[in-house]
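Heads up, the thing below is written out as structure tokens.
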Amino acid sequence: MKTIKAEFEHIKSQKMLLAAILAIMFIPFLYSVFFLKSVWNPYGDAKYLPVAVVNEDRAVNFRGKKLDVGDQLVKNLKKNDGLDWHFVSKKDAEYGLSHKEYYMVITIPKDFSKNATTVLDKDPKKMELQYTTNDSLNYIGKVISEEGAKQVNAQVKETVSTSYADTVFGVIKQVGKGFNTAAKGSKQLSDGSKTLSDGINTYTAGVSQVNDGVIKLQTGVVPLGQGVLKLADGSNTLANGINTYTAGVDQVNNGVFQLQNGTGALASGVGQLATGSNTLANGLGTYTNGVGQVNNGVLQLQNGTGALANGVGQLATGSTTLNNGLNTYTAGVAQLNDGLTQLHNNSKLLREGAGNLAAGNKTLADTINKQTDVIINQLNSNDTKQAIEGLKQLKQHAPAIQKQLQELQNTMNGLPTLLGGINSSADKFSQDLTTNLVSAGNNISGSAKEVGEVLAANENKLSTEDQQKLADAIAKNQAAGQNIQAAGAAAQTFKDQLTQAQNSLAPILQNAQQMQDYIKQVNVLLDKLNTVDTSKLSNLQGLTTDLEKLRTGANELSEGSNTLSTKVTEYTLGVDKAYAGAQTLTSKNGELTSGANQLAGGLGQLNGQVPTLTGGINQLAAGTGQLVANSGALTSGANQLAGGLGQLNAQVPTLTGGINQLAAGTSQLAANSAALRSGASQLAGGLGQMNAQVPTLTSGVNQLANGTQQLNANSPKLADGATQLEQGNSKLAKALAEGSEQVNDNTKNLSSKTSNMFASPTELKHKSYSYVPNYGYALAPYMLSVALYVGALVFNLVYPVRRLSDPDASATEWWLSKLSVGALVATGTSVVEVLLMMAAGLHPDHLGATLINAWFFALASTFIVMFLAVAFGNIGRFLGIIFLVIQLGSCGGSFPIQVTRAMGGFFQMVNPFLPMTYSVYGFRESLTSGLGANQVWISVGVQLIYIIVAVALLWVAMNAERSKVTYVDVENQNLND
881 MKTIKAEFEH
891 IKSQKMLLAA
901 ILAIMFIPFL
911 YSVFFLKSVW
921 NPYGDAKYLP
931 VAVVNEDRAV
941 NFRGKKLDVG
951 DQLVKNLKKN
961 DGLDWHFVSK
971 KDAEYGLSHK
981 EYYMVITIPK
991 DFSKNATTVL
1001 DKDPKKMELQ
1011 YTTNDSLNYI
1021 GKVISEEGAK
1031 QVNAQVKETV
1041 STSYADTVFG
1051 VIKQVGKGFN
1061 TAAKGSKQLS
1071 DGSKTLSDGI
1081 NTYTAGVSQV
1091 NDGVIKLQTG
1101 VVPLGQGVLK
1111 LADGSNTLAN
1121 GINTYTAGVD
1131 QVNNGVFQLQ
1141 NGTGALASGV
1151 GQLATGSNTL
1161 ANGLGTYTNG
1171 VGQVNNGVLQ
1181 LQNGTGALAN
1191 GVGQLATGST
1201 TLNNGLNTYT
1211 AGVAQLNDGL
1221 TQLHNNSKLL
1231 REGAGNLAAG
1241 NKTLADTINK
1251 QTDVIINQLN
1261 SNDTKQAIEG
1271 LKQLKQHAPA
1281 IQKQLQELQN
1291 TMNGLPTLLG
1301 GINSSADKFS
1311 QDLTTNLVSA
1321 GNNISGSAKE
1331 VGEVLAANEN
1341 KLSTEDQQKL
1351 ADAIAKNQAA
1361 GQNIQAAGAA
1371 AQTFKDQLTQ
1381 AQNSLAPILQ
1391 NAQQMQDYIK
1401 QVNVLLDKLN
1411 TVDTSKLSNL
1421 QGLTTDLEKL
1431 RTGANELSEG
1441 SNTLSTKVTE
1451 YTLGVDKAYA
1461 GAQTLTSKNG
1471 ELTSGANQLA
1481 GGLGQLNGQV
1491 PTLTGGINQL
1501 AAGTGQLVAN
1511 SGALTSGANQ
1521 LAGGLGQLNA
1531 QVPTLTGGIN
1541 QLAAGTSQLA
1551 ANSAALRSGA
1561 SQLAGGLGQM
1571 NAQVPTLTSG
1581 VNQLANGTQQ
1591 LNANSPKLAD
1601 GATQLEQGNS
1611 KLAKALAEGS
1621 EQVNDNTKNL
1631 SSKTSNMFAS
1641 PTELKHKSYS
1651 YVPNYGYALA
1661 PYMLSVALYV
1671 GALVFNLVYP
1681 VRRLSDPDAS
1691 ATEWWLSKLS
1701 VGALVATGTS
1711 VVEVLLMMAA
1721 GLHPDHLGAT
1731 LINAWFFALA
1741 STFIVMFLAV
1751 AFGNIGRFLG
1761 IIFLVIQLGS
1771 CGGSFPIQVT
1781 RAMGGFFQMV
1791 NPFLPMTYSV
1801 YGFRESLTSG
1811 LGANQVWISV
1821 GVQLIYIIVA
1831 VALLWVAMNA
1841 ERSKVTYVDV
1851 ENQNLND
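For the numbering used here, count along the sequence shown from 1 and bump the result up by 880.
What follows is the structure in structure tokens.
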């Protein structure tokens, strides 16, 4: 204790040493306060950090809206005080960055907004927000400004995302409307597909029917080919039978004469029918008068019915006569058809004759041309003998040539008369026949109608059976009238065909006239040639001229013959048309005869029912009033029947005249029958060509059958597909309707809040397990520890630890004296540092723990440095500084030790063994908590170990150094050893 007291008295006596020791107690505080205050809240004061902003962005249009992200960013930054924003040009920003005016330059490029619109493109472009930092100016400033740039980038992301969200939500709403439209359209599509399905079912049924028809057609093609082959054979047979043409023409003449003879009977029958109709009209007049006087004379009514019966009998007799006349008429028509058939069959002979004539005339012209050329050449070569000989040969042939020309001229002379007679007769016949048949049909139909009206008026007076018989008779009468009208229509068709034949004969007559002129010219030339005396030829030039004329005439004759052949062909075609008309007329003979028979039968039945009618009239007394009202109509019908039959009777002479003209025409046709042979030949050739094409037709029908079979086979698939399409469209319509409803339900609450939520769906909420107010608090544990260690270094530099205050003191006493001073100084530095830092603004959560942690670290630091100084002197003090440096990097005071990985992990390796490591942990827990209540006691325990070790080592060192340390007089002592 003596040595300890001497040590403190020595300090008290040394004012400078005392002042130094007191000053040393403030060094940790001063170190801490100046450093910590310089970095107390750098992030909170970042608003004073100058940062330049350069806006080069250009606004663009996006979906009808103006998008200017750069301008919006500038507006938002002007409201932001996180950094000291300076909005300058690019040039000023570059200058300020290079001259320490700005820590960072943020550049908004000119395509910033444009790139924002590419989000929906195939290759979207990112919005590049460029920032440039000057790291050399201050790295922490760079970190702070960089954090600001990241916040700006996040703000841009949120702004652009909000715009995107607004646009997308607008599109979604439009999609909802589109879903509504699509749902309606799909409903129509569903309805249309159902209609399509029904139509396809109808179509497949039609395909099946078509397939059946094609199969039948395929089956019928083979008999068709066989029939065409038989037809070709028949045409050849027809050609062989042309020789019977002349006999056929004679038969036509006979048939026409028979028809002519039958017209008298027809006229007589029509006359009787007219007489009967007049009698009927008279009887009906008497009947109507009797109806008017029914109250006075039922007997007169009975007499009238007798007259009616007489008239009906005469009508039946007239119809029988008409039927006989029509039978005679149809027989004549049949004979006419037979004659036209022979004429048609012999048309080929006529065409062949005209062709042979043309060929002969061409041969004649060629012979004349050849002989004329020879003679002229001989005359031009002065070979008179040969010329004379050629002329003699030509003269020898002249009579034969003239004979042929005379025959041709005779034929041409008779041709106009023949053709004219045919035209006149055919026209007259067809016109009269058409008029008479149509008139007869109308009259018969009208009379049947009138009789029907009479029956209708008296139907209540007749039995059902009688009414049915009369109705059947009237129906047959009407059917007969319709058949006669149909025959009249056929006659009109025949007339039209004859007119066409007449039109084709006109050019033939014109060419025949030209042929006659050519023949006359050739005959004149040949007559001149006959008068030539070949023995006295002297004027050869004149002969040459005559020969040229002869050759010209022969050529014209040949050309005329060719024209005649062409027109004869046209004539035979007209005959063919007339033949077709006669066929049609013949085909209607059966209907006409049937109608006449029905008329006769109906009138017979009508005549047979007259007694029944008479009996019914006796029952009319009660209904005479109604009969009087209908008498006028009955009388009018009888008059119309009489008038119609009168007109029919008046037209009979016309019909007779037409038949007479037809007889004259058939006589003329007989002269031209030879032309039919040529037509038969052409018919055989045409049928041969048709027969050759039958295989092609058969092949086409087979292909058609195969195609329709495929269509029919695939019809079920088509129907199934249409059904599936209908079902699918129905599902589509339902799904679209539901989708539309869902989209509309999900979009009805969309607003700007939704866009903000879409742009920034998360919100970062920070909950501190332990709260560190600012950067100063964060560095305080580190700087407080460093300051205390620095204070220990300074103390051991200033205070003379290697001297004795008592020359007789032992090593242990020396050790105790130095420990007591060091402990006192360590206690003072720790208390001063903590309390004054509290006054400077550092407020620990646990003041006691802070004081304890500071005191123990101060003791540990003081005794460690003291040991080094006693043991090694100044070298030991230097080692103490090295130990401080090692602890600065290894204690984890500024950065987590996990990221301090330099020097091969040296810092991490020594970290657990350093006292400052635990001092920092202890201060962190005592200042801001968060490390657990035991952390302070752990730190104190570890530091206590360092204290014990250091104190023990100090004792060992002082014992080792005691012999080397001497007493120093106080007057001569200074602060250093």
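In this text, a Cβ means the ideal position worked out from N, Cα and C, and glycines have one as well. In this text the structure is predicted, and so the values were computed from the model without any measurement.
Compare the Cα-Cα distances from residue i to each of the options and report the closest residue.
i	options	result
residue 1086	895, 1443, 1591	1591
residue 1618	1667, 1804, 1063, 1842	1063
residue 1113	1565, 1704, 1673	1565
residue 1810	927, 1652, 1594, 1060	1652
residue 1068	999, 1750, 1611	1611
residue 1469	1001, 1760, 1116, 1366	1366
residue 1562	1453, 1597, 1667	1453
residue 1795	1349, 1766, 1812	1766
residue 1369	1347, 930, 1471	1471
residue 1772	1760, 1790, 1755	1790
residue 1013	986, 1647, 950	986
residue 826	1754, 965, 1668, 1246	No answer is possible for residue 826: the residues shown for the chain start at 881 and end at 1857.
residue 988	1006, 1705, 1690	1006
residue 949	984, 959, 992, 1089	992
Could you name the residues that DSSP lists as bridge partners for residue i?
i	result
residue 1012	985
residue 940	947
residue 927	In the DSSP output, where bridge partners are listed per residue, residue 927 has none listed.
Return the first residue and the last residue of the beta strand (DSSP E) that residue i is part of.
i	result
residue 967	964-967
Would DSSP call residue i helix, strand or coil?
i	result
residue 1491	helix
residue 1684	strand
residue 1795	helix
residue 1813	coil
residue 1090	helix
residue 994	helix
residue 961	coil
residue 1551	coil
residue 1078	helix
residue 1459	helix
residue 1411	coil
residue 1861	Because the chain is modelled from 881 through 1857, residue 1861 falls outside the range shown and cannot be assessed.
residue 894	coil
residue 1242	helix
residue 1854	In this prediction, residue 1854 scores a pLDDT of 49, lower than 50, which makes its location untrustworthy; the coordinate-derived value is nonetheless stated afterwards. Note: residue 1854 maps to coil in three-state DSSP.
residue 900	helix
Between which two residues does the alpha helix (DSSP H) harbouring residue i extend?
i	result
residue 930	Not the alpha helix (DSSP H): residue 930 falls in the beta strand (DSSP E), residues 930-935.
residue 972	970-978
residue 1757	1754-1770
residue 1777	No alpha helix (DSSP H) holds residue 1777; DSSP gives it neither H nor E.
residue 1788	1786-1790
residue 906	Element bounds for residue 906: n/a, residue is neither H nor E.
residue 1669	1655-1678
residue 1716	1691-1719
With 16 other CB atoms within 10 Å as the buried threshold, where does residue i fall?
i	result
residue 1231	buried
residue 889	exposed
residue 1243	exposed
residue 943	exposed
residue 1224	buried
residue 1228	buried
residue 1698	buried
residue 1061	exposed
residue 1404	exposed
residue 1428	exposed
Cβ-heavy atom distance between residue i and the ligand NAP below 7 Å?
i	result
residue 1733	With respect to the ligand NAP, the structure shown offers nothing to examine, as it has no ligands at all.
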